[in-house]
Ligand code: NCD
């Protein structure tokens, strides 16, 4: 039963529950109009303490397309946060006005603290360099729809694997399906944190490889998941400037890639994918953003426990 639950970490839901959400997301994507009244009379609150385009707009669009309404802030200084209000007090107040809340916060664990004080479902829309479970639902629906399966895939993750929360959540989620392998492509300084290697990959005996060059491994990949170097999480600007252009995927680097490999990116892109790649039929990152809205429609329906249409 998903009604009334929080989503803070990709492991919060069982595989069956994730499947339920993906199946509904797929159904919605085929006929969104059918769901246009599912959330009539319901209110979604978006509390964004950090910048966002896709996550906030796709949640808001999702709720509006379900016939519900939206309140919230995208600039915390326009709310009582600027007066020093704690997240525990903010969520207790929001819970009096809304039926479900989505929170993005620069501090790791902040949505979890909010959930402890909340009477309404809380969804983590990204907490610092930690997790981003709804981007993962987006990625899962994209992969399932475009590759036809979530198992037996070789997944290359490239870029800032240290601070990239979408990467951490995707590794956790994809590790639960059979026979997936990971190729982790990053500079030494931006490798996947040890706790993920230890507690997710090694613990579950999952095959993974750490390399520094895309060209060395591209022919093995079914999925290439590119990520941005997370400037806002660096302690030192010089280090960021040194590492920011570590990878620029262009047509020449794709030469040996499989014909049916898909290129994903949670976006925003900065420099890591040359615009010429957008024309390649393997480039699926804008399609991925569209799946994000459908899967969030499904998630809202399930957490609110409303009739599906
Ligand atoms: C990602 C994020 O916020 O972690 N963006 C998103 O939600 N699609 C990726 C990023 O900011 O690089």
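In this note's numbering, the protein residues as written are 19 to 327.
C-beta atoms are modelled at their ideal positions from N, C-alpha and C, and glycine is treated no differently.
Going by DSSP, residue 165 is part of the alpha helix (DSSP H) stretching over 151 to 165. Along the region 220 to 244, the beta strand (DSSP E) occurs as fully enclosed runs of 3 or more residues at 226 to 229, 241 to 244, listed in sequence order.
Under DSSP, residue 87 takes part in a beta bridge, and its partners are 61.
Restricting attention to 71, 240, 66, the CA atom closest to the CA of residue 164 is found in 240. When the beta-carbon positions are compared, residue 316 and residue 141 stay at least 7 Å from each other. Around the beta carbon of residue 136, 16 or more other beta carbons sit within 10 angstroms, so the residue counts as buried. The beta carbon of residue 160 sits no closer than 6 Å to any heavy atom of the ligand NCD.
Ranked by how close their Cα comes to the Cα of residue 252, the residues 236, 207, 169 have 207 in first place. For residue 185, the enclosing alpha helix (DSSP H) covers residues 183 to 192. Here the alpha carbons of residue 259 and residue 269 stand approximately 24 Å from one another. Nearest C-alpha to residue 311 among 83, 32, 59: 83. A heavy atom of the ligand NCD is found nearer than 6 Å to the CB of residue 153. Taking 7 Å as the cut-off, the Cβ atoms of residue 146 and residue 125 count as close. Excluding sequence positions up to five before and after residue 110, its CB lies within less than 7 Å of the CB of 135, all in the same chain and listed in chain order. Annotation: residue 190 to residue 283 spans about 17 Å, alpha carbon to alpha carbon. Here DSSP, grouped into helix, strand and coil, assigns residue 246 to coil.
Burial state of residue 102 is exposed, judged by a 10 Å Cβ sphere holding fewer than 16 other Cβ atoms.
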